[in-house]
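What follows is a short report on a single structure.
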Amino acid sequence: MTHQVRAVVARGKGAPVSLETIIVPDPGPGEALVKVEACGVCHTDLHYREGGINDDFPFLLGHEAAGVVESVGEGVTDVAPGDFVILNWRAVCGQCRACLRGRPWYCFDTHNAKQKMTLLDGTELSPALGIGAFAEKTLVAAGQCTKVDRAASAAVAGLLGCGVMAGIGAAINTGNVGRGDTVAVIGCGGVGASAVVGSSLAGAAKIIAVDIDDHKLATAKKLGATHTVNSKDTDAVEAIRELTGGFGADVVIEAVGRPETYKQAFYARDLAGTVVLVGVPTPEMKLELPLLDVFGRGGTLKSSWYGDCLPSRDFPMLIDLYLQGRLDLDAFVTETIALNDVEKAFERMHGGDVLRSVVVL
Ligand code: APR
Ligand code: ZN
Ligand code: ZN
């Protein structure tokens, strides 16, 4: 059996997305069919539409989603119809070198559905990050479904599927922020603001938010930043040093993805401190640093891919903390929109007032 559902498709490079009817197959072995309830709009969806990821058009966009499992294929035991799940793009394989070494958050071989979803004429769709959830239903590998407490709304739960998890994970998993640490976060969009929240959750004593946009700084402050620095008019490195007794921060999280801001992060940390790069650079960007400084300053330079998260460990834990009132995820849902408003949400991304627009189905 197949299902005909409405979905947001990017047909060609730079062209506005369109609402289309697509065909979703019933789940085969190892797959799950998910009735999507909510899906956030992420920069990566826009990058797909602009042809910045690859040329495998048409894309089925959307990947920060939560919903209910409708049916599962042969051999699926981890999730069952009726389960409320967050979709992830790290369905660990259990077989690759990273998994076998007990580091599944670096899994090199994450699973996606084997069967293809198609347009009505049979053209195969490429689901964004192997998910494709701007759709009433989507087909994924069962391992891409992580069961969480149904008491959280789908709009909030879906956030953990990508950007918010990346930011929180950059602090708690990659940066290993701990009680009493000083942290600076450079760039406070959706990802950086989540890094502020993650640092606060981890017990950081000082959280310095840096951005060039005062709106973003005001939001960061609401979410737990203890200090803010507008680096348009102030030297970020000097300001962070001043706020940390002249030393620099224990952990600096770069959530912009540019060489200039990476350099700021590099010099704004204390000796032997940690830099975490969670912002995603573009292919032409280059970084130049005196090698003697890399050596002499010691410490740790890391990057954080999907917040080094392990969905089965992190999603249920973060939803539980949210339900206990210890993690403000509601603040990230700036607006809820309909399936045919994704293009408008892309336009608003450049504005600066939106942390997340979330499609609710
Ligand atoms: N210095 C400080 N902040 C800056 C600078 C700069 N030079 N340039 C931009 N910013 C700020 C912006 O004002 C904005 O608040 O960085 C923030 C970027 O936020 P968003 O555009 O909302 O992006 P976000 O979703 O947070 O993602 C950040 O992580 O996942 C990647 O591709 C994503 O590279 C991007 C980064
Ligand atoms: Zn693996
Ligand atoms: Zn994303």
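Here my numbering = 1-based position in the sequence shown + 650.
Beta carbons are placed, not taken as given, at the ideal position from N, Cα and C, and that holds for glycine.
- For I673, the pairing in a beta bridge is given by DSSP as Q654 and T768.
- If you check the CB distance, C795 and H713 do not come in under 8 Å.
- Rounded to the nearest whole angstrom, the CA to CA distance from Q765 to G678 is 7 Å.
- Per DSSP, L851 has no beta-bridge partner at all.
- Setting aside the 5 residues that flank it on each side, S881 is surrounded in the same chain by I836, V860, D861, I862, A889 and Q914, each with a C-beta closer than 8 Å to its C-beta; the list follows chain order.
- The three-state secondary structure of L960, taken from DSSP, is coil.
- For I857, the closest C-alpha among the options D883, G898 and G929 is that of G898.
- By the criterion of a C-beta distance shorter than 6 Å, P777 is surrounded in its chain by L710, once the five residues flanking it on both sides are discounted.
- Secondary structure at E892: helix, using DSSP grouped into helix, strand and coil.
- The DSSP-derived three-state label of F982 is helix.
- Excluding residues up to 5 positions away in sequence, A682, V719, V722, V735, A792, C795 and K797 lie with their Cβ nearer than 8 Å to the Cβ of V729 in the same chain.
- Nearest in C-alpha terms to R699, of all of C757, T986 and L779, is L779.
- Look at the beta carbons and you see the stretch 810-828 touching the stretch 921-936: at least three pairs across the two are nearer than 8 Å.
- Taking a C-beta distance under 8 Å as the contact criterion, A988 and F784 do not qualify as a contact pair.
- Leaving aside the five residues that flank G1002 on each side, the residues in its chain whose CB is nearer than 8 Å to its CB run, in chain order, D863, H865 and K866.
- DSSP places H697 within a helical segment (H, G or I) once states are collapsed to three.
- The continuous alpha helix (DSSP H) containing L941 extends over residues L941 to G946.
- Taking 7 Å as the cut-off, the C-beta of V841 counts as close to a heavy atom of ligand 1.
- Ranking K994, R829 and A816 by CA distance to the CA of A845 puts A816 first.
- In this chain, G690 is not harboured by any alpha helix (DSSP H); it is covered by the beta strand (DSSP E) spanning E681 to G690.
- If the five residues before and after V1008 are omitted, its C-beta is found closer than 6 Å to the C-beta atoms of A688, G690, A805, V983 and T986, all from its own chain and listed in chain order.
- Per the C-alpha coordinates, the member of N762, R753 and D733 positioned closest to A741 is N762.
- Note on geometry: alpha-carbon atoms of K871 and G853 lie some 16 Å from one another.
- For D831, same chain residues with a beta-carbon under 7 Å away, outside a window of 5 residues either side, are A854, A855, D900 and V901 in chain order.
- Contact check for L873 against A834 fails: the beta carbons are separated by 8 Å or more.
- Cβ contact annotation for G828 (same chain, cutoff 7 Å, sequence separation greater than five): A852 and G853, in chain order.
- Taking 8 Å as the cut-off, the beta carbon of L937 is found closer than this to the beta carbon of Y912.
- As summarised for the stretch 805-867, the continuous alpha helix (DSSP H) elements at least 4 residues long and confined to that stretch are 813-819 and 840-851, given in chain order.
- Residues of the same chain with a CB within less than 8 Å of the CB of A905, apart from the 5 flanking positions on each side, are G817, A820, V835, I836, G837, C838, G839, V841, G842, A845, V928 and G929 in chain order.
- The DSSP-derived three-state label of C746 is coil.
- Relative to the non-hydrogen atoms of ligand 1, the Cβ of H877 never comes closer than 7 Å to any of them.
- Look at I736 here: in three-state DSSP terms it is strand.
- Between T652 and V674, the C-beta spacing is below 8 Å.
- Beta-carbon to beta-carbon, H697 and M999 are separated by about 11 Å, too far to satisfy the 8 Å threshold.
- Rounded to the nearest angstrom, the Cβ distance from F707 to R661 is 6 Å, consistent with a contact under 8 Å.
- At a cut-off of 7 Å, the beta-carbon of I862 counts as near ligand 1: some heavy atom of the ligand is closer than that.
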